[in-house]
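Trainee:
Residue numbers (my numbering), protein chains in the order written: chain A, 19 to 278; chain B, 19 to 278.
1. Please report the residue range of the alpha helix (DSSP H) in which residue 195 of chain A lies.
2. Return yes when the Cβ of residue 187 of chain A is within less than 8 angstroms of the Cβ of residue 236 of chain B, no when it is not.
3. Does the separation of the CB atoms of residue 21 of chain B and residue 48 of chain B fall below 8 angstroms?
4. Would you please verify whether the beta carbon of residue 231 of chain B is less than 8 angstroms from any beta carbon of chain A?
5. With a Cβ-Cβ cutoff of 8 angstroms, do residue 140 of chain A and residue 35 of chain A count as a contact?
6. So residue 163 of chain B and residue 132 of chain A are in contact, right, with Cβ under 8 angstroms, and what is the actual spacing, rounded?
7. Hey, is residue 81 of chain A's beta-carbon within less than 8 angstroms of any beta-carbon in chain B?
8. Using a Cβ-Cβ cutoff of less than 6 angstroms, which residues in the same chain neighbour residue 246 of chain B once the five nearest sequence positions on both sides are dropped?
9. Would residue 115 of chain B count as contacting chain A if we go by Cβ distances under 8 angstroms?
10. Are there 16 or more other CB atoms within 10 angstroms of the CB of residue 147 of chain B, so buried, or fewer, so exposed?
11. Just checking: is the beta-carbon of residue 272 of chain B within a distance shorter than 8 angstroms of some beta-carbon in chain A?
12. Any idea what DSSP makes of residue 249 of chain B, helix, strand or coil?
13. Taking C-beta to C-beta, are residue 114 of chain A and residue 197 of chain B nearer than 8 angstroms?
14. Measuring only between beta-carbons, confirm whether residue 226 of chain B sits less than 8 angstroms from chain A.
15. Taking residue 138 of chain B as the query, report the chain A residues whose CB atoms sit under 8 angstroms from its CB, ordered along the chain.
16. Please compile the residues from chain B whose C-beta is within a distance smaller than 8 angstroms of the C-beta of residue 134 of chain A.
17. Which parts of the segment 61-138 of chain B are runs of the alpha helix (DSSP H), unbroken and 4 residues or longer, counting only runs that do not cross its ends?
18. Flag this pair as yes or no: are the beta carbons of residue 92 of chain B and residue 108 of chain B separated by less than 8 angstroms?
19. Could you confirm whether any beta carbon from chain C is found closer than 8 angstroms to the beta carbon of residue 256 of chain A?
20. Between which two residues does the beta strand (DSSP E) holding residue 48 of chain B run?
21. When the Cα of residue 62 of chain A is compared with those of A:106, A:29, A:169, which residue comes out closest?
22. Mind reading off the beta-carbon distance from residue 27 of chain B to residue 83 of chain B? Whole number of angstroms is fine, and I expect it under 8 angstroms.
23. So, are the CB atoms of residue 50 of chain A and residue 69 of chain A less than 8 angstroms apart?
24. Taking the alpha-carbon positions, what's the residue 66 of chain A to residue 40 of chain A distance?
25. Just reading off the alpha helix (DSSP H) that residue 222 of chain A is part of, what are its end residues?
26. Name, going along the chain, the residues of the segment 193-208 of chain A whose beta-carbon falls closer than 9 angstroms to a beta-carbon of chain B.
27. CB-CB under 6 angstroms to residue 130 of chain B, same chain, minus the five flanking residues each way: which ones, in chain order?
28. Starting from the beta carbon of residue 221 of chain B, find every residue of chain A whose beta carbon is closer than 8 angstroms, and list them in chain order.
29. For residue 211 of chain A, decide whether its Cβ has a neighbour in chain B, counting only Cβ atoms nearer than 8 angstroms.
30. Flag residue 151 of chain B as yes when its Cβ comes closer than 7 angstroms to any non-hydrogen atom of the ligand MG, and as no otherwise.
31. Answer yes or no: do residue 222 of chain B and residue 200 of chain A have a C-beta to C-beta separation smaller than 8 angstroms?
32. Considering Cα atoms alone, identify which of A:159, A:19, A:138 is closest to residue 224 of chain B.
33. If we require 3 or more residues per run, which beta strand (DSSP E) segments fall completely within the segment 149-192 of chain B?
34. Using only CA atoms, which one of B:194, B:122, B:111 lies nearest to residue 183 of chain B?
35. Just checking: is the beta-carbon of residue 216 of chain A within a distance shorter than 8 angstroms of some beta-carbon in chain B?
36. Specify, as a first and last residue, the run of the beta strand (DSSP E) that residue 26 of chain B falls within.
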């Protein structure tokens, strides 16, 4: 396998995990850029490489530039950098690949579908990676890189990747927010979030085999009006929770009235 | 350990799992009652016992009657049965123990905090069980039973149990509904739900160690307005999903503005 010189533009959760994993595979991390010095330095130190906070001093020496910034910062940062004929890649679920066409001749997308937190290890082999590129040569490079990291690599166009990202926001961010709301409520009642952990695991484990529609339980799907009313009344002093309880219960009930 | 004769009133998911587990521990399942013959027969057959669909022929021979009905059916069914001085127990998260006082002298609650689906095995040892009873003698019986089944047994009053149940609805039913909405959306885009399974597992695994507030990722917590707007616009033809996307994103953002 060819080993590449890679520069990271961005030093957040995705950049941290991806750069470390690529380094493990033998690629050389030549520089980290971030607008905040603390993040840039922290990631560069962990990779034993250099960092910069200025777009003007971004290295010319990399073969591949991987952009892992929040979407709204991408244009602002990239417009200040020249990439010549180097390969420019972003990791965003929702940005179309075409946003890169104005900054580079060779470009592509490398999207790992996972929730990354800095201090938490993940098994990259299990992470589905979705790639797309501006030419078949570039696609080959990204597919090879992805195959070094993961057992699940798929070529996917920008439109479908965006759909996948929307679904991931529901399945991950919104599911986690349900946990967070449960924790917030328990804390007002002097009960510990810990007690919910086996339930949360089983809820996720069930849908590893079942379709979520077949895995649903609880008062909303049974349309147990007494419970639902009594829960809503109990939540009357926490209007944010009450609103989420109401909209989710209605949505569950309606979803199960729809044709299978 | 004393072995009891137990009758089940109800033959749904909770009754199925709990009766089978109690039987494994050596207790005798003497009868199953359900309003629908199919459920009553199915559970009774699996327990090698008898069933009835008529409250008039409910056995007098049990030591303990365990009620696992939907909450709204409890009064209707119990008002037709005489329990004398037998121990009457319900498994509901939200019904207070006191609803049983008009039907029996000895009563209590046995609440396993888990999501049960009929054809799915669960490890009862890991399921937290919450008990409460009308006297210390009855409490001893229920604690002993619970300890035979699980490594996590807690005495909890009706008010706190209800709070726990509300939190469980968020952490389990609403989280599962997030998976269901993700699945529904992917199906309209010819993408498979399966692809989200590693993400769903990691989301649940993260909060086995982290507090959910520290585990959150995604566009809402970053307040990445471009993505949020573009996702909302993409969902314009699925108003149920659009509404949930909007309310969850707002709630995530507001939650992270609150003081830790």
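A virtual CB, placed ideally from N, CA and C, is assigned to each residue, including glycine.
Mentor: Well, looking at it:
1. Taken as a continuous stretch (DSSP letters only), the alpha helix (DSSP H) holding residue 195 of chain A covers 193-206.
2. yes
3. no
4. yes
5. yes
6. Not confirmed; about 42 angstroms, so no contact.
7. no
8. 237, 267
9. no
10. buried
11. yes
12. helix
13. no
14. By this cut-off, residue 226 of chain B is an interface position.
15. Taking a Cβ-Cβ threshold of 8 angstroms, the residues of chain A close to residue 138 of chain B are 224, 227, 228, in chain order.
16. 235
17. 89-96
18. yes
19. No chain C is present in this structure, whose protein chains are A and B.
20. 46-51
21. A:29
22. The Cβ separation is near 6 angstroms, so the contact holds.
23. yes
24. 13 angstroms
25. Unbroken alpha helix (DSSP H) run through residue 222 of chain A: 215-227.
26. Residues of the segment 193-208 of chain A with a C-beta less than 9 angstroms from any C-beta of chain B: 193, 194, 195, 196, 197, 198, 199, 200, 201, 202, 203, 204, 206, 207, 208, listed in chain order.
27. 145, 147
28. 133, 189, 190, 193, 194, 222
29. yes
30. Ligands in the displayed structure: none, and consequently the ligand MG is not present.
31. The beta carbons of residue 222 of chain B and residue 200 of chain A sit no closer together than 8 angstroms.
32. A:138
33. If we require 3 residues or more, the beta strand (DSSP E) runs fully inside the segment 149-192 of chain B come out as 171-173.
34. B:111
35. yes
36. Segment 23-27, the beta strand (DSSP E) holding residue 26 of chain B.
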